[in-house]
Amino acid sequence: MNNQELKKKYIQIAQLYYEQNMTQNEIAQKTGINRTSISRILKKIREDGIVKITINYDLKDLSLAEQLEKRFHLKKAIVVPVEQDQSAQVKLTAIGQATAQFLNSILEDNDVIGFSWGSSLASVVEALEPTATRKNIFCVPMVGGPAGKLESRYHVNTICFQAAEKLKGRSLMIDVPAIVEKPSMKEDFVQTLYYKEIANMWKHISIALFGIGSINSTGQSTWNAFYSESAVEKFKAEKVAGDICSRFYDIHGQIVQTHLTDRTLSVPLEFLKTARYSIGVAESKDKLPGILGALNGGHLNTLITTDETALGLLAADQS
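Counting in the working numbering, the sequence shown runs from 5 upward without gaps.
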């Protein structure tokens, strides 16, 4: 049996098992393949991506989601149930899948989607299923690149490009750093036609999708990789609670003018408030100050998080 015939056989078995709900014994009788081989084939077709299992996270903990929506005046909250002892990667994958499903459900023709950088956004794009159901989708980075070391899959250009590929849309790349060395360099970049094109796209963002940084998550390599340990120490002195796209705010959501403000190249936070959906994707106890500050400041109208983080937000808000 050649590879093409083998693949057809695998697809047949997948259809019998997942679409027609036949048991492995019934499939063995129908195909003439022994029961043990059927079990092995079902495992292999998942490993090879012939079948992908997704969980409908819209069947969420409604009570927690509704509490978040009411308390923080959100347009939408999605709360993903997780076990406390699950690894960070499992939780990241879960909220990535939930966000990808939600994004697909709200997409409209001609949408301009703004992306930030980071592991949360990378997990969203990894979970996106290729689709061409919407026309003229444009993916644009909302923040410049890192000055320090950062895994390429977390870079905003990588995230935008991969999202555009899956959504059959177009994307822009940003070839300037988020934090430049001195204010005069920022002024030079701002005057370029290239930067003006990106800044103009920011005004037309209809869906903003971003991770949320937090002062308590400084032990995580991605935050320190994007900024620096010395910068983080200054953030603490400046009463920073968190950031979105390198725009910093305190626990009340008020914008903080930090030592980096006059060297920062990223979307102004007020642009997020004009988007149809401004979606914050974040979870973990370490990120509670950053998420709470973002909510208090109204910098997002949609939050996608885990149940343990949701409980933490509601408890912290009442303390």
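The beta carbon of each residue, even a glycine, is placed where N, CA and C say it ideally should be. This one's a predicted model, so the numbers in the text were calculated from it and none came from an experiment.
Worksheet item: Is DSSP giving residue 259 helix, strand or coil here?
Response: If DSSP states are grouped into helix, strand and coil, residue 259 belongs with the strands.
Fill in: Assigned exposure category for residue 197 - 16 Cβ within 10 Å defines buried
With fewer than 16 other CB atoms across the displayed protein chains lying within 10 angstroms of its CB, residue 197 is exposed.
Worksheet item: In the structure shown, what three-state DSSP assignment does residue 268 receive?
Response: In the structure shown, residue 268 falls within a strand segment according to DSSP collapsed to helix, strand and coil.
Practice prompt. Report the option in 259, 12, 130, 148 whose CA atom is closest to the CA atom of residue 103.
Written response: Checking every option, the nearest Cα to that of residue 103 belongs to 130.
Discussion item. Please state whether the Cβ-Cβ distance between residue 209 and residue 116 is less than 8 Å.
Written reply: Annotated as proximal: residue 209 and residue 116, with beta-carbon spacing under 8 Å.
Discussion item. With H, G and I counted as helix, E and B as strand and the rest as coil, what does DSSP make of residue 95?
Written reply: Three-state result, residue 95: helix.
Fill in: Reduced DSSP secondary structure (H/G/I, E/B, other) of residue 249
The three-state secondary structure of residue 249, taken from DSSP, is coil.
Practice prompt. Would you tell me roughly how many angstroms separate the C-alpha atoms of residue 310 and residue 30, rounded to the nearest one?
Written response: If you take the alpha carbons of residue 310 and residue 30, they lie about 39 Å apart.
Worksheet item: How would you call residue 305, buried or exposed, if buried means at least 16 neighbouring beta carbons within 10 angstroms?
Response: Result: buried.
Practice prompt. Could you tell me whether the region 116–125 touches the region 296–303, where touching means 3 or more Cβ pairs closer than 8 Å?
Written response: With the cut-off at 8 Å, the region 116–125 and the region 296–303 do not touch.
Worksheet item: Would residue 274 be called buried (16 or more neighbouring beta carbons within 10 Å of its own) or exposed?
Response: Flag for residue 274 reads exposed.
Practice prompt. Pick helix, strand or coil for residue 85, following the three-state DSSP scheme.
Written response: Note: residue 85 maps to coil in three-state DSSP.
Fill in: Between the CA atoms of residue 246 and residue 259 - distance to the nearest angstrom
Approximately 10 Å between the Cα atoms of the pair.
Practice prompt. Report all residues from its chain with a CB closer than 6 Å to the CB of residue 138; omit the five preceding and five following residues, and keep chain order.
Written response: Here the set comprises 111, 113.
Discussion item. Mapping the DSSP letters down to three states, classify residue 241 as helix, strand or coil.
Written reply: Residue 241 falls in the helix class under three-state DSSP.
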